[in-house]
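From first to last, the protein sequence lines are chains L and S.
Using my numbering, the first residue of the first sequence is number 59, and each one after it goes up by one.
Using my numbering, the first residue of the second sequence is number 71, and each one after it goes up by one.
Built from N, CA and C at the ideal position, the CB exists for glycine as well.
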Amino acid sequence: MTLPRMLQGIFHPAPTPGVLGVFGHLDSTVTAIRQLKAGPYGELTVYSPIPRHELEDALDQPVSPVRMWTLVGGIAGCSIGAWLTLYMSYDWPMVVGGKPVGSIPPYVIIMFEMTILFGALTTILGIIFNALFARRRQGVLAYDDRFSNDKFGIFVPCAPDHAGAVEAVLMGAGAEEVRRA
Amino acid sequence: MTASTAPTTTPRVTYDYVTRAIARTLGNPTRGYFLLLGAAVALLTVGIVCLLFLLRYGLGLAGYSHPVYWAVYITCFVFWVGIAHSGTLISAILFLFRSGWRTAVYRTAEAMTVFAVMTAGLFPLIHIGRQWYFYWLIPYPNERGLWPNFKSPLIWDEFAIGTYFTVSTVFLIMGLIPDIAAVRDLATGWRRKLYQVTSIGWRGTNEQWRHYTRGYLYLAALATPLVLSVHSVVSWDFAMAIVPGWHATLFAPYFVAGAIYSGVAMVITLLVPIRRLFHLEELITVHHFENLAKLCLLTGMIVGYAYATEYFVAWFGGNPNERAAFWNRAFGPFWWASWTMIICNGFLPQLLWFKKIRTNITSLFVLSIFVNIGMWFERFVIIVVSLAGEPFDKFNNAGYNPTWADWGIMAGSFGWFFMWFLLFVKNFPAVSISEVKEVLPPPKRRAA
Numbered sequence: 059m060t061l062p063r064m065l066q067g068i069f070h071p072a073p074t075p076g077v078l079g080v081f082g083h084l085d086s087t088v089t090a091i092r093q094l095k096a097g098p099y100g101e102l103t104v105y106s107p108i109p110r111h112e113l114e115d116a117l118d119q120p121v122s123p124v125r126m127w128t129l130v131g132g133i134a135g136c137s138i139g140a141w142l143t144l145y146m147s148y149d150w151p152m153v154v155g156g157k158p159v160g161s162i163p164p165y166v167i168i169m170f171e172m173t174i175l176f177g178a179l180t181t182i183l184g185i186i187f188n189a190l191f192a193r194r195r196q197g198v199l200a201y202d203d204r205f206s207n208d209k210f211g212i213f214v215p216c217a218p219d220h221a222g223a224v225e226a227v228l229m230g231a232g233a234e235e236v237r238r239a
Numbered sequence: 071m072t073a074s075t076a077p078t079t080t081p082r083v084t085y086d087y088v089t090r091a092i093a094r095t096l097g098n099p100t101r102g103y104f105l106l107l108g109a110a111v112a113l114l115t116v117g118i119v120c121l122l123f124l125l126r127y128g129l130g131l132a133g134y135s136h137p138v139y140w141a142v143y144i145t146c147f148v149f150w151v152g153i154a155h156s157g158t159l160i161s162a163i164l165f166l167f168r169s170g171w172r173t174a175v176y177r178t179a180e181a182m183t184v185f186a187v188m189t190a191g192l193f194p195l196i197h198i199g200r201q202w203y204f205y206w207l208i209p210y211p212n213e214r215g216l217w218p219n220f221k222s223p224l225i226w227d228e229f230a231i232g233t234y235f236t237v238s239t240v241f242l243i244m245g246l247i248p249d250i251a252a253v254r255d256l257a258t259g260w261r262r263k264l265y266q267v268t269s270i271g272w273r274g275t276n277e278q279w280r281h282y283t284r285g286y287l288y289l290a291a292l293a294t295p296l297v298l299s300v301h302s303v304v305s306w307d308f309a310m311a312i313v314p315g316w317h318a319t320l321f322a323p324y325f326v327a328g329a330i331y332s333g334v335a336m337v338i339t340l341l342v343p344i345r346r347l348f349h350l351e352e353l354i355t356v357h358h359f360e361n362l363a364k365l366c367l368l369t370g371m372i373v374g375y376a377y378a379t380e381y382f383v384a385w386f387g388g389n390p391n392e393r394a395a396f397w398n399r400a401f402g403p404f405w406w407a408s409w410t411m412i413i414c415n416g417f418l419p420q421l422l423w424f425k426k427i428r429t430n431i432t433s434l435f436v437l438s439i440f441v442n443i444g445m446w447f448e449r450f451v452i453i454v455v456s457l458a459g460e461p462f463d464k465f466n467n468a469g470y471n472p473t474w475a476d477w478g479i480m481a482g483s484f485g486w487f488f489m490w491f492l493l494f495v496k497n498f499p500a501v502s503i504s505e506v507k508e509v510l511p512p513p514k515r516r517a518a
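Structure follows, in structure tokens:
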């Protein structure tokens with residue numbers, strides 16, 4: 059039994075057509091990225107086993123929006139901490155230790171912990187959502203198991219009739235292996 | 071004395087070597103591994119049996135007698151929370167300081183953090199006696215609509231420890247994702263399937279790294295003040311009370327330094343057998359141990375200074391109750407505990423001034439065990455000896471002594487901790503693959 063077409067699109071989407079280059083050296087990868095971005099193939103995906111500043115510089119990507127998730131989460135956590143402590147104190151007003159019912163200095167500790175907790179959790183959510191959205195936008199890209207070990211990779215989405223030109227750029231920059239997807 | 075700048079790895083260590091060396095640790099367990107795991111499970115069994123007796127016969131079995139109602143279980147709680155601290159120091163604070171040497175040891179320290187907090191969390195439950203009412207610890211309005219008292223340090227503690235456990239766990243998982251993907255791509259069979267699920271689709275694309283590196287930086291920035299706050303809050307469990315020996319403004323920095331000190335010692339205790347068992351000598355080098363020893367020396371000096379300050383202030387402050395409490399510590403019935411703590415934490419770490427000791431793995435291992443013993447006794451002295459010698463209650467003082475149930479449950483906690491740790495290192499990379507590669511020179515066609 060085959061899945062209906064719409065479900066197949068979600069669970070087994072068709073691979074994005076393009077060219078995958080496998081590189082053994084960081085500087086060759088950077089050269090290839092610069093040449094591709096200077097031409098009409100700027101929409102590319104780079105694989106690397108570790109984050110490298112050389113790759114970030116060549117790709118010239120904007121700063122990740124994850125920082126906004128952290129900021130919003132931190133502010134929300136602090137506010138929830140303040141609300142939690144003050145609301146609960148005034149909901150059943152009871153003088154403890156001769157201190158005011160809503161006593162800010164001890165509540166700062168709860169607000170601080172909630173700031174950290176919510177800030178951390180929203181940071182994780184930010185990473186997951188942004189990475190997932192990026193993946194959904196890019197589609198199913200060709201991958202090689204060596205990219206998590208010691209090889210760098212560049213995937214250039216392109217129509218089959220442009221593949222030859224892309225292959226030439228990748229090979230010229232020093233790709234060890236090039237294949238069409 | 072600064073962190074050593076010697077090369078962290080040998081020249082033959084390449085990206086491929088790192089991946090394969092660490093992936094190899096996940097292979098079939100050896101006899102040595104099973105022996106260690108068996109010892110941990112045996113200790114845990116002792117603890118469970120003692121706990122069952124405690125449940126059956128009540129807290130009388132713990133030897134409590136007025137005014138000592140906080141004893142070995144709270145000592146263990148503070149000890150294990152303390153152990154947790156160096157993990158975050160190494161993984162978050164040293165990350166922010168860009169200390170390259172941390173990469174080979176931080177995963178072990180981080181895992182240790184999570185399992186130590188898990189262990190610590192058991193003790194308030196054991197301590198309450200009627201474990202089936204554990205949910206009374208959770209801040210919720212009870213049937214009378216009464217809310218928790220947020221002015222109580224015990225509630226602060228609950229929030230601090232809860233946050234610390236959550237943040238440490240997500241920090242550990244975050245760091246693991248690229249490494250699980252690396253071992254996934256080498257694995258076969260059921261392990262590949264396991265790692266396919268747990269790597270949640272990681273492929274190391276530029277988009278993934280862009281969000282990951284930024285998020286990791288913020289998590290480290292959030293974890294840094296958190297780690298300093300958690301043991302400060304734990305210290306306020308004591309410092310907010312007016313018991314002589316507890317009521318001191320020194321407590322927060324004193325506890326934080328002590329926590330990092332004991333945690334670094336535990337990292338050494340764990341790394342020595344792991345390194346040998348998994349043949350990781352080329353990744354975890356003497357250089358790493360030397361830097362850990364320097365951290366141990368620094369924090370040990372702070373702890374030694376805090377001990378001296380406590381005694382000095384008790385004498386110089388002129389408060390007779392405080393003086394009596396500290397006299398009781400040094401020369402009272404628990405003199406042996408106090409002097410164990412002072413010798414293990416104040417004097418023995420001075421040996422780390424010698425490079426020969428710092429670079430000798432066996433010496434470091436032995437020393438780290440003494441530090442662990444000393445730090446357990448530090449908490450015992452602060453908690454039990456302060457309560458037992460409470461001058462306001464001198465006519466009520468009963469002769470408190472830990473019982474077999476206390477020692478058994480304490481031993482069980484070590485078994486519980488080591489069991490989780492050993493299971494972790496056999497199933498997930500015990501050394502960070504991606505971060506160790508980050509400190510290696512990248513493969514380049516043209517020399518720099």
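Item to check | Exposure label - T100/S; buried when at least 16 CB within 10 Å | outcome: exposed
Checklist entry - What number of angstroms, rounded off, separates the C-alpha of N361/S from the C-alpha of T89/S? => result 24 Å
Item to check | Contacts of R194/L in chain S (Cβ-Cβ under 7 Å) | outcome: Correct list: empty, because the minimum Cβ distance to chain S is about 11 Å.
Checklist entry - When you compare only the Cα positions, how much space is there between S222/S and L292/S? => result 24 Å
Checklist entry - Over what stretch of residues does the alpha helix (DSSP H) that includes T319/S continue unbroken? => result No alpha helix (DSSP H) holds T319/S; DSSP gives it neither H nor E.
Checklist entry - Would you say M244/S faces chain L, with C-beta separation under 8 Å as the test? => result yes
Next on the checklist: I'd like to confirm the pairing. Which residues does DSSP put opposite S135/S in its beta bridges?
Outcome noted: V138/S
Checklist entry - Are the C-beta atoms of P109/L and some chain S residue less than 8 Å apart? => result yes
Checklist entry - Closer than 8 Å, CB to CB, is S305/S near chain L or not? => result no
Checklist entry - Can you name the residues of chain S whose CB is closer than 8 Å to the CB of T181/L? => result G285, Y288, L289, L292
Checklist entry - Whole-angstrom Cβ separation of S302/S and F325/S, contact assumed at under 8 Å? => result 7 Å
Checklist entry - So what does P242/L bridge to, in DSSP terms? => result Look at the range of chain L in this structure, 59 to 239, and you will see that residue 242/L is not part of it.
Checklist entry - Does the Cβ of I225/S have 16 or more other Cβ atoms within 10 Å, making it buried, or fewer, making it exposed? => result buried
Checklist entry - Which residue's Cα is closest to the Cα of H317/S: A327/S, P343/S, R393/S? => result R393/S
Checklist entry - Would you report the Cα separation of G416/S and F424/S, rounded to the nearest angstrom? => result 16 Å
Checklist entry - Roughly how many whole angstroms lie between the Cα atoms of P314/S and A190/S? => result 25 Å
Next on the checklist: Can you tell me which residues form a DSSP beta bridge with F81/L?
Outcome noted: F210/L
Checklist entry - From the beta carbon of V77/L, is the nearest beta carbon of chain S less than 8 Å away? => result no
Item to check | Distance CB(T128/L)-CB(T173/L) smaller than 8 Å | outcome: no
Next on the checklist: Check whether chain S comes within 8 Å of S122/L, counting only Cβ atoms and requiring the distance to be less than that.
Outcome noted: yes
Item to check | Three-state secondary structure (DSSP) of R237/L | outcome: strand
Item to check | Whole alpha helix (DSSP H) elements within the region 103-189 of chain S, 4-residue minimum | outcome: 142-158
Next on the checklist: As an exercise, report each continuous alpha helix (DSSP H) stretch of at least 4 residues that is fully enclosed by the region 388-451 of chain S, in chain order.
Outcome noted: 390-401, 405-412, 425-428, 431-450
Checklist entry - Could you give the distance in angstroms between the alpha-carbon of G157/S and the alpha-carbon of V175/S? => result 9 Å
Checklist entry - Which partner residues of T103/L appear in the DSSP bridge assignment? => result F213/L
Item to check | Under 8 Å (Cβ pairs) to chain S, residues found in the region 79-111 of chain L | outcome: G82, H83, L84, D85, S86, T103, V104, Y105, S106, P107, I108, P109, R110
Checklist entry - Are the beta-carbon atoms of T355/S and F435/S separated by less than 8 Å? => result no
Item to check | chain L within 8 Å of S504/S, Cβ atoms only | outcome: yes
Checklist entry - In its own chain, which residues sit with a C-beta less than 6 Å from the C-beta of C146/S, not counting the 5 before and 5 after it? => result F193, M480, S483
Checklist entry - Between which two residues does the alpha helix (DSSP H) carrying R194/L extend? => result 162-196
Checklist entry - Under 8 Å Cβ-Cβ, which residues of chain L neighbour Y282/S? => result P109, I185, A189
Item to check | chain L contact residues for A252/S, given Cβ-Cβ distances below 9 Å | outcome: P107, S206, N207
Checklist entry - Beta carbon of T294/S, beta carbon of A162/S: below 8 Å? => result yes
Item to check | Buried/exposed call for S504/S, threshold 16 Cβ in 10 Å | outcome: buried
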